[in-house]
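Here my numbering is used: the first residue of the sequence shown is 77, the next is one more, and so on.
First up is the structure itself, then whatever we jot down about it.
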Amino acid sequence: MKKTTATVADLGSFDDVIDARSPSEFVEDRIPGALSCPVLDDDQRAIVGTIYKQQSSFEAKRIGAAMVAENIARHLREQFQDKPRDWRPLVYCWRGGQRSGAFVTWLRMVGWDACQLEGGYKNWRRHVIAELERIPLTLSLRIVSGPTGSAKTRVLEALAQLGEQVLDLEDLAAHKGSVLGALPDRKQPTQKLFETQLYRTLAGFDAARPVYVEAESRKIGRIHLPEAMIRAMRAAPCVAIEATREARLDFLVRDYAYLGDDVALLQSRIDCLHGLQSNETIERWKALAAEHALPELFAELVDLHYDPLYRRSQNHNYVHFADARRIETDDLGPQGIAAVARQIVADS
Numbered sequence: 077m078k079k080t081t082a083t084v085a086d087l088g089s090f091d092d093v094i095d096a097r098s099p100s101e102f103v104e105d106r107i108p109g110a111l112s113c114p115v116l117d118d119d120q121r122a123i124v125g126t127i128y129k130q131q132s133s134f135e136a137k138r139i140g141a142a143m144v145a146e147n148i149a150r151h152l153r154e155q156f157q158d159k160p161r162d163w164r165p166l167v168y169c170w171r172g173g174q175r176s177g178a179f180v181t182w183l184r185m186v187g188w189d190a191c192q193l194e195g196g197y198k199n200w201r202r203h204v205i206a207e208l209e210r211i212p213l214t215l216s217l218r219i220v221s222g223p224t225g226s227a228k229t230r231v232l233e234a235l236a237q238l239g240e241q242v243l244d245l246e247d248l249a250a251h252k253g254s255v256l257g258a259l260p261d262r263k264q265p266t267q268k269l270f271e272t273q274l275y276r277t278l279a280g281f282d283a284a285r286p287v288y289v290e291a292e293s294r295k296i297g298r299i300h301l302p303e304a305m306i307r308a309m310r311a312a313p314c315v316a317i318e319a320t321r322e323a324r325l326d327f328l329v330r331d332y333a334y335l336g337d338d339v340a341l342l343q344s345r346i347d348c349l350h351g352l353q354s355n356e357t358i359e360r361w362k363a364l365a366a367e368h369a370l371p372e373l374f375a376e377l378v379d380l381h382y383d384p385l386y387r388r389s390q391n392h393n394y395v396h397f398a399d400a401r402r403i404e405t406d407d408l409g410p411q412g413i414a415a416v417a418r419q420i421v422a423d424s
């Protein structure tokens, strides 16, 4: 008799992974590539839970079973009608219990070799946490540092184009890392989903080759970096981009041009600096925002906020920052950024 359960280590042997949890659970985090096929939606889970608490376990199961059967039937009809006889899916729910078990039973009744993930999502989550403690310390990280406006993210992209291994934490976190760093077209993922995406990226690296990553603080927007990731980054060798102030300001105005489209939003982000800057300075910056005077605003932000913060944080947080290789440039346009990336690789 074929085995009907599988472990996290077996994930790669299945044709599809099916997430039987509710839509809200799926949005919070999921196994990469999983298909969302809830056996109970969020409203149905709430109904069944209320019946369980207020009436009885039997009533909850009786009503819930009908809902589960209807939902599984719909998924079979709408998503899996074209699957061949040898299709092999893996199904998981929160802890490998009734939701995924019911789904597997129906799939196996059809004739497919469906399996249930032992321990469900909770085991997947344990695996991610354990790997995020282990993998960062095995990698040969190279920290790309430089004050705000040094085009570090663009340099990482140029390094990737050269075939180098790159870890773009700000892309994974959907945030540029600064007080003005929220993106206009992307919401930040949940903490759990960020960690899953980070694990997936780290697991794909060749530990024998360097991995370039931008210097970051412990938080990127509302996302917290795992402790092992922080420790590995802060102990790694650094390369410092030293661009001229003019080149940095030109880059910032281009890179943050979208902030000029929503004055109220920009001013609200400036308000986040209360306590770090005087009320007079905050009001002056908000006035510059209202005037769409981004060059003048960024010049003051660089001189009064970002550069002093950078000098304190890099020397304090990164052990090898004082010994960093310095790459000077007065051009942070596409060609200048490409040249910086080539020099980083040549000096490695």
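For each residue, glycine too, the CB sits at the ideal point set by N, CA and C.
Excluding its 5 nearest sequence neighbours in each direction, glutamate 404 has C-beta neighbours in its own chain below 7 angstroms: Glu318, listed in chain order. A direct Cα-Cα distance of roughly 15 angstroms separates isoleucine 123 from asparagine 147. Under a 10 Å Cβ-count criterion, threonine 272 is classified as buried, with 16 or more other Cβ atoms of the shown protein chains found around its own Cβ. One alpha carbon belongs to alanine 417, the other to glutamate 233, and they sit about 9 angstroms apart. Residue pairing by DSSP puts proline 286 in a beta bridge opposite Ser216.
Counting only residues of its own chain and dropping the five nearest sequence neighbours on each side, serine 226 has a CB closer than 7 angstroms to the CB of Ile317, Ala319, Arg324.
Excluding residues up to 5 positions away in sequence, Tyr332, Leu335, Arg345 lie with their Cβ nearer than 7 angstroms to the Cβ of leucine 256 in the same chain.
In this structure valine 167 touches serine 176 by the C-beta definition: roughly 4 angstroms separates them, less than 8 angstroms. With 16 or more other Cβ atoms inside 10 Å of its own Cβ, lysine 228 counts as buried. In its chain, beyond the 5 residues on either side, Val124 have a beta carbon closer than 6 angstroms to the beta carbon of glycine 140. Under DSSP, no beta-bridge partner is assigned to tyrosine 394.
Ranked by Cα distance from proline 212, the options Val220, Val287, Glu194 are led by Val287.
By the neighbour-count criterion, in which a residue is buried when 16 or more other Cβ atoms sit within 10 angstroms of its Cβ, histidine 392 is exposed.
Excluding five sequence positions before and after aspartate 118, the CB atoms of its chain that fall closer than 7 angstroms to its own CB belong to Ser98, Pro99, Ser100, given in chain order. Here DSSP, grouped into helix, strand and coil, assigns threonine 405 to strand. According to the DSSP assignment, proline 410 belongs to the alpha helix (DSSP H) that extends over 410-423.
Look at the region 79-147 and you find these whole runs of alpha helix (DSSP H), each 4 residues long or longer: 99-104, 118-130. By a beta-carbon distance limit of 8 angstroms, phenylalanine 270 contacts isoleucine 299. Their separation comes to about 5 angstroms. Per the Cβ contact rule, the region 381-389 is not in contact with the region 194-203 (fewer than 3 Cβ pairs under 8 angstroms). By the CB criterion at 9 angstroms, valine 220 and leucine 208 fall outside the cutoff. If you look at isoleucine 205, you'll find it in the alpha helix (DSSP H) that goes 196-210. Relative to the Cα of valine 242, the nearest Cα in the group Leu152, Ile94, Arg230 belongs to Arg230. Bridge partners of valine 315 according to DSSP: Val220, Arg401. Checking the DSSP bridge columns, you'll see alanine 178 has no partner listed. When rounded, the separation of the alpha-carbon atoms in leucine 215 and alanine 284 is 8 angstroms.
Ranked by Cα distance from leucine 111, the first of Asp92, Met305, Ala311, Arg150 is Asp92.
Going by DSSP, glutamine 241 is part of no alpha helix (DSSP H) but of the beta strand (DSSP E) stretching over 241-243. Here the region 126-143 does not lie against the region 152-165, with fewer than 3 beta-carbon pairs under 8 angstroms apart.
Around the beta carbon of alanine 340, fewer than 16 other beta carbons sit within 10 angstroms, so the residue counts as exposed. In the DSSP assignment, valine 167 falls outside any alpha helix (DSSP H) and lies within the beta strand (DSSP E) extending over 165-168. The beta carbon of arginine 171 sits closer than 6 angstroms to those of Gly196, Lys198, all from its chain and outside the five residues before and after it, given in chain order.
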